[in-house]
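Enquirer: First the structure, which I've put down as structure tokens, then a few questions once you've had a look.
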């Protein structure tokens, strides 16, 4: 139940949490994938590796099957295996992505030419887990997300009943995820090199972000927020939301905004000068970064969002109290949730020239 929440963070229907525990009885591959994830999270590395290896043994013979892209449980097992691999990143941050290429091919085939942001079934839910996994590596390595963004995103459904409302909530969260992915593709990809075309695309992305913010349901607003309290142990603003998917959409919105600021197609000097005071754009970027830091303690997935977005804004953080606050959040993430952050902390300290 607890680990299912990691995977359901943009799914109001909570399909991994509610469906997978019952379905493992019907799928040995899924069972061993779940065991590998759970055991690794608990620190039982031998049991985790044994379950992982057995899962791979069962998985490989099926990959060439014509029906594999239609096997919802297999797709769920693959994204769970991917989380296991992410948990195995330790000191260097090296992530071999052994199953990610296979995920891409299988999940692309499973969605066809259109993907539903409301995630009505496990197949779609697995796709959105995979999408978030792609965004993690894209930010850490400043590379395009390893996902096909040429497929069509279905419109957000109207909510007229309890089930419809859940699908609508999911769709709004996943739509922000999709917008963020397209912006990351724009920032780190090789397309749109011609200046006029690049500026036009930037304006389209900016409009998409603001349209999402303007039209999203009121349920996505924080129910409470506050500025940092002077002298407190927390140097960041606080935000409270009613649901995990609201938290994730909030984080991806702020990531999208800061990327649009950083990668706006304007004339730039190749080398930045050393300045006594920050630029206006740096102030704007850090405002979004503080929002991500402030909401991070809400859920494990929002802490994971902090882990990869810090590679976008980390060097701009100059306040020592805020730096200490980020390190406390990262250390707590590994201690409480087994998500490896020591290598991230080392990277930040090197960037900040801290011993």
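Numbering (UniProt numbering), first residue to last: 1 to 355. Glycine included, every Cβ here is placed at the ideal spot set by N, Cα and C.
Using a 10 Å radius around the Cβ and a threshold of 16 neighbouring Cβ atoms, would you call residue 91 buried or exposed?
Expert: Residue 91 sits at position 91 when you count from the first residue of the chain shown. Below a pLDDT of 50, predicted positions are generally treated as unreliable, and residue 91, at 48, falls in that range; the measurement from the model is reported next regardless. Counting Cβ neighbours within 10 Å, residue 91 comes out exposed, since fewer than 16 surround it.
Enquirer: Can we say the stretch 26-45 touches the stretch 72-90, given the rule of at least three CB pairs closer than 8 Å?
Expert: Yes, they touch.
Enquirer: What three-state label does DSSP hand residue 149 in the structure shown?
Expert: Within the chain shown, numbered from 1, the residue matching residue 149 stands at position 149. Three-state result, residue 149: coil.
Enquirer: Quick one: what's got a C-beta closer than 8 Å to residue 87's C-beta in the same chain, skipping five residues either side?
Expert: The residue you call residue 87 lines up with position 87 of the chain shown. The residues are 37, 40, 41, 338, 339 and 340.
Enquirer: Taking residue 308 as the reference, give the member of 241, 184, 196 and 212 with the closest Cα.
Expert: Position 308 of the chain shown, counted from the first residue, corresponds to residue 308. Here the closest residue by C-alpha is 184.
Enquirer: Does residue 230 come out as helix, strand or coil in the three-state DSSP assignment?
Expert: As a first step, residue 230 is located in the chain shown; it is residue number 230 there, counting from the start. If DSSP states are grouped into helix, strand and coil, residue 230 belongs with coil.
Enquirer: Residue 225 by DSSP, collapsed to three states: which one?
Expert: One-based indexing of the chain shown puts residue 225 at position 225. Three-state DSSP puts residue 225 in a strand.
Enquirer: Just checking my contact of residue 151 with residue 123 at CB under 8 Å: how many whole Å lie between their CB atoms?
Expert: Against the chain shown, residue 151 aligns to sequence position 151. Against the chain shown, residue 123 aligns to sequence position 123. Going by Cβ atoms, the distance from residue 151 to residue 123 rounds to 14 Å, so no, they are not a contact pair.
Enquirer: Can you give the beta carbon distance from residue 351 to residue 315, rounded, assuming they're within the 8 Å contact cut?
Expert: Translated into the one-based positions of the chain shown, residue 351 becomes position 351. Translated into the one-based positions of the chain shown, residue 315 becomes position 315. Between residue 315 and residue 351 the Cβ distance is about 5 Å, and since that is below 8 Å, they are a contact.
Enquirer: Can you give me the Cβ contacts of residue 295 inside the same chain, cut-off strictly under 7 Å, excluding the 5 residues immediately before and after it?
Expert: Counted from its first residue, the chain shown places residue 295 at position 295. 239, 247, 250, 251 and 302.
Enquirer: Consult DSSP for residue 9 and reduce its assignment to one of helix, strand or coil.
Expert: Stepping through the chain shown from its first residue, residue 9 is reached at position 9. Coil, per DSSP.
Enquirer: Using DSSP bridges, identify the partner residues of residue 238.
Expert: For the purposes of this step, residue 238 is identified with residue 238 of the chain shown, where counting begins at 1. Paired residues: 226.
Enquirer: Is the Cβ-Cβ distance between residue 79 and residue 130 less than 7 Å?
Expert: Locating residue 79 in the chain shown gives position 79, where the first residue counts as 1. Locating residue 130 in the chain shown gives position 130, where the first residue counts as 1. Yes, the pair counts as a contact, with Cβ atoms nearer than the cut-off.
Enquirer: Can you tell me which of 310, 178, 335 and 329 puts its alpha carbon nearest to the alpha carbon of residue 43?
Expert: Within the chain shown, the letter at position 43 stands for residue 43. Looking at the Cα atoms, 335 is the closest of the given residues.
Enquirer: Is it the case that the stretch 255-262 contacts the stretch 224-237, given that we only count it when at least three CB pairs across the two stretches are under 8 Å?
Expert: At 8 Å Cβ cutoff, the stretches do not touch.
Enquirer: Cα-Cα, which of 16, 317 and 10 is closest to residue 3?
Expert: Here residue 3 refers to the residue found at position 3 of the chain shown. Closest option to residue 3, Cα to Cα, is 16.
Enquirer: What are the start and end residues of each continuous alpha helix (DSSP H) run of 4 or more residues lying completely inside the stretch 294-332, in chain order?
Expert: Runs found: 300-313.
Enquirer: Excluding the 5 residues flanking residue 306 on each side, which residues of the same chain have their C-beta closer than 7 Å to its C-beta?
Expert: Position 306 of the chain shown, counted from the start, is the residue given in the question as residue 306. 292, 293, 296 and 329, listed in sequence order.
Enquirer: Could you check whether residue 253 and residue 176 sit closer than 7 Å to each other, using their CB atoms as the reference points?
Expert: Locating residue 176 in the chain shown gives position 176, where the first residue counts as 1. Locating residue 253 in the chain shown gives position 253, where the first residue counts as 1. Yes, Cβ-Cβ distance for residue 176 and residue 253 is below 7 Å.
Enquirer: If you follow the alpha helix (DSSP H) that residue 278 is part of, which residue opens it and which one closes it?
Expert: Translated into the one-based positions of the chain shown, residue 278 becomes position 278. Looking at the DSSP string, residue 278 is not in any alpha helix (DSSP H), and its letter there is neither H nor E.
Enquirer: For residue 8, does the count of other Cβ atoms within 10 angstroms reach 16, so buried, or fall short, so exposed?
Expert: What you label residue 8 is simply residue 8 of the chain shown in a count that begins at 1. Under this definition residue 8 is a buried residue.
Enquirer: Does the distance from the CB of residue 118 to the CB of residue 157 come in under 7 Å?
Expert: For this step, residue 118 is matched to residue 118 along the chain shown. For this step, residue 157 is matched to residue 157 along the chain shown. For residue 118 and residue 157, yes; Cβs fall inside 7 Å.
Enquirer: So what does DSSP say about residue 91, is it helix, strand or coil?
Expert: Locating residue 91 in the chain shown gives position 91, counting from the first residue. For residue 91, the pLDDT reaches just 48, beneath the cut-off of 50, and the residue's location in the model is therefore unreliable, although a value from the coordinates is still provided. The answer is coil: DSSP assigns residue 91 none of H, G, I, E or B.
Enquirer: State the Cα-Cα distance for the pair residue 222 and residue 60, rounded to the nearest angstrom.
Expert: As a first step, residue 222 must be located in the chain shown, where it is residue number 222. As a first step, residue 60 must be located in the chain shown, where it is residue number 60. Rounded to the nearest angstrom, the two C-alpha atoms are 45 Å apart.
Enquirer: Do you know whose CA, among 190, 241 and 135, lies nearest residue 224's CA?
Expert: Counted from its first residue, the chain shown places residue 224 at position 224. Checking every option, the nearest Cα to that of residue 224 belongs to 241.
Enquirer: Counting along the chain, where does the alpha helix (DSSP H) carrying residue 218 start and finish?
Expert: Looking up residue 218 in the chain shown gives position 218. Counting along the chain, residue 218 falls outside any alpha helix (DSSP H), and DSSP gives it neither H nor E.
Enquirer: Quick check: what's the CA-CA separation for residue 52 versus residue 81?
Expert: The residue given as residue 52 occupies position 52 in the chain shown. The residue given as residue 81 occupies position 81 in the chain shown. Answer to the nearest angstrom: the Cα atoms are 7 Å apart.
Enquirer: Assign residue 354 to one of three DSSP states: helix, strand, or coil.
Expert: Here residue 354 is taken as the residue at index 354 of the chain shown, counted from 1. Looking at residue 354 - three-state DSSP - the assignment turns out to be coil, as it is neither helix nor strand.
Enquirer: From this set, 324, 280 and 331, which residue's C-alpha is nearest residue 235's C-alpha?
Expert: Indexing the chain shown from 1 puts residue 235 at position 235. For residue 235, the nearest C-alpha among the options comes from 324.
Enquirer: Express the C-alpha separation of residue 14 and residue 34 in angstroms, rounding to a whole number.
Expert: Here the question's residue 34 lines up with position 34 in the chain shown. Here the question's residue 14 lines up with position 14 in the chain shown. Answer to the nearest angstrom: the Cα atoms are 16 Å apart.
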